[in-house]
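Peer 1: Quick one: the structure is below, and I'll ask about it shortly.
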Amino acid sequence: MNRFDLVDRIAARNNISKAEADRVVVSVFEEIMSAVTMGDSVTLIGFGSFRAVESAPRTGRNPATGEAIRIPAVRKPKFVAGTYFREIVNKYEGIKDEE
Numbered sequence: 233m234n235r236f237d238l239v240d241r242i243a244a245r246n247n248i249s250k251a252e253a254d255r256v257v258v259s260v261f262e263e264i265m266s267a268v269t270m271g272d273s274v275t276l277i278g279f280g281s282f283r284a285v286e287s288a289p290r291t292g293r294n295p296a297t298g299e300a301i302r303i304p305a306v307r308k309p310k311f312v313a314g315t316y317f318r319e320i321v322n323k324y325e326g327i328k329d330e331e
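Read in our numbering, the sequence shown has 268 at position 36, and its numbers run on one by one without any break.
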């Protein structure tokens, strides 16, 4: 599912236009990104939480030369699924492991 599929489903479920649903979806994503960028965490009970985590600086290798290079610390977004979300996904039997 992509953003447009999500907008279609929200519009149909709530009897609103696709334009209105798109504004809501975009607004939600923008607010989450803004809060996380500012250092806040966003917790949606039952769904999950979004926050920024900082990776430690480390030493890597240039694959072409083998030379050691310093990789600086970076901030990355992180999502942790909530308990209810994990339970729902775990109970769903529509996805089978590839063997």
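Just so it is clear, CB atoms sit at the ideal spot from N, CA and C, and this is done for glycine as well.
Just so it is clear, the structure is predicted and the values come from calculations on it, not from any experiment.
Please give me, in chain order, every unbroken run of the alpha helix (DSSP H) with length at least 4 that falls completely inside the region 233 to 263.
Peer 2: Qualifying alpha helix (DSSP H) stretches, in chain order: 235 to 246.
Peer 1: Using alpha carbons as the reference points, say which of Pro309, Val256, Lys250 and Ile242 lies closest to Met270.
Peer 2: Among Pro309, Val256, Lys250 and Ile242, the Cα nearest to that of Met270 belongs to Pro309.
Peer 1: Is the beta carbon of Ile264 sitting closer than 8 Å to the one on Gly314?
Peer 2: The answer is no: Cβ separation not under 8 Å.
Peer 1: Starting from Thr315, trace the alpha helix (DSSP H) in both directions and tell me its first and last residue.
Peer 2: First-last of the alpha helix (DSSP H) with Thr315: Thr315 to Lys323.
Peer 1: From the DSSP output, in three-state form, read off Ser266 for me.
Peer 2: Of the three classes helix, strand and coil, the one that applies to Ser266 here is helix, per DSSP.
Peer 1: With the cut-off set at 8 Å, would you say Ile301 and Arg293 are in Cβ contact?
Peer 2: The answer is yes: Cβ separation under 8 Å.
Peer 1: If I'm right that Phe279 touches Ser273 with Cβ under 8 Å, what's the distance once you round it to whole angstroms?
Peer 2: About 13 Å separates the two Cβ atoms, so there is no contact after all.
Peer 1: Do Pro289 and Ala267 have their CB atoms nearer than 8 Å?
Peer 2: It is not a contact, given that the beta carbons lie outside the stated cut-off.
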